[in-house]
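Chemist: Take 0 as the starting number for the sequence shown in numbering that gives the first Met the number 0 and just add one per residue.
Don't be surprised by glycine CBs; every beta carbon is placed ideally from N, CA and C.
Here it is: the structure, laid out below.
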Amino acid sequence: MELVLLGPPGSGKGTQAKLLAARFGVPHISTGDIFRKNLSEGTDLGQLARRYMDEGTLVPDDVTEAMVRERLRETDAQKGFILDGFPRNLAQGEHFDAMLSEEGRTLTAVIYLAVDRAVLMSRLTGRRVCPKCGATYHLEFNPPKAIGVCDVCGAELVQRPDDSEGTVSTRLAVYDAETAPLATYYQKSGRLREFDGDQPVDQVTRAIVESVAGTDD
Ligand code: ADP
Ligand code: ADP
Ligand code: ZN
């Protein structure tokens, strides 16, 4: 199972990727999560990525591509992967195709999550995340059982600094300019499968599983 999740910020890529990874027994690989981990650990990669993440623009392609290449070589990724947040522009998409063919791998599908712009804004500004285990919540749409506390590990939930209204606008503009053309790229090669991302989480998951595995049980 080799899937790419594509869609604007807030469309539910991370939420779906975690569920699909558990369902198919393959790793969830999120470039945003890897960058954030490097940032919190103060690595050179984290230092480099910080400026771009803070302003909501893309980390340079060569850095991101090298990071993904390395991650996909790890043992757990040999049986498949759910990629979330990569590729994110045409250059990364073309590079990724070359990378896959070098390694003799083929994408199962590219999952596109369609969600209206107004919904995205409220999803992103209401998103809360667990700094310890990476679980994602929403103040209104997916609240934790106890206010401000992670259901999974009990840590205190935080808001991502780039989920403030100003940075969200930049990220949506970056999506339109750089990531949207990638959907067209995958559509032209017959690899894109579009899903309505504005349904309950489990319904979205079910539709994707039915489409890629031909069954939902
Ligand atoms: P992305 O990884 O695409 O940026 P996330 O998976 O982090 O998106 O979801 C963004 C926000 O929307 C989170 O707060 C999440 O809890 C919430 N969310 C995700 N999927 C849905 C859904 N189907 N319906 C309502 N809210 C959702
Ligand atoms: P979202 O939840 O909005 O989809 P991510 O967690 O995927 O956000 O990404 C957060 C930030 O990490 C991006 O704004 C960008 O700075 C950086 N980033 C993540 N993936 C990539 C990528 N493939 N190429 C360049 N930058 C990336
Ligand atoms: Zn947690």
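Assuming the contact rule is C-beta atoms closer than 8 Å, residue 14 and residue 87 should be a hit. Round their C-beta distance to whole Å, please.
Modeler: So it is not a contact: roughly 18 Å between Cβ atoms.
Chemist: Please list the terminal residues of the continuous alpha helix (DSSP H) segment that includes residue 82.
Modeler: Premise fails: residue 82 lies in the beta strand (DSSP E), 80 to 83, not in any alpha helix (DSSP H).
Chemist: DSSP on residue 115, reduced to helix/strand/coil?
Modeler: coil
Chemist: Residues in the same chain with beta-carbon distance under 8 Å from residue 147, minus the five sequence neighbours each way, listed in chain order, please.
Modeler: Answer for residue 147: 127, 155 and 156, listed in chain order.
Chemist: Quick check on the DSSP output: the beta strand (DSSP E) that includes residue 171 runs from which residue to which?
Modeler: Looking at the DSSP string, residue 171 is not in any beta strand (DSSP E); the run it does join, the alpha helix (DSSP H), is 164 to 173.
Chemist: At what residues does the alpha helix (DSSP H) containing residue 28 begin and finish?
Modeler: Looking at the DSSP string, residue 28 is not in any alpha helix (DSSP H); the run it does join, the beta strand (DSSP E), is 27 to 29.
Chemist: Using 10 angstroms around the beta-carbon of residue 10, count the other beta-carbons present and answer buried if the total reaches 16, otherwise exposed.
Modeler: buried
Chemist: Give every residue of the same chain whose Cβ lies closer than 7 Å to the Cβ of residue 152, excluding the five residues on either side of it in the sequence, and list them in chain order.
Modeler: When the five nearest sequence neighbours on each side are left out, the beta carbons in the same chain lying within less than 7 Å of the beta carbon of residue 152 are those of 129, 131 and 132, in order along the chain.
Chemist: Under a Cβ-count criterion, where at least 16 other Cβ atoms within 10 Å of its own Cβ denotes burial, should residue 83 be classed as buried or exposed?
Modeler: buried
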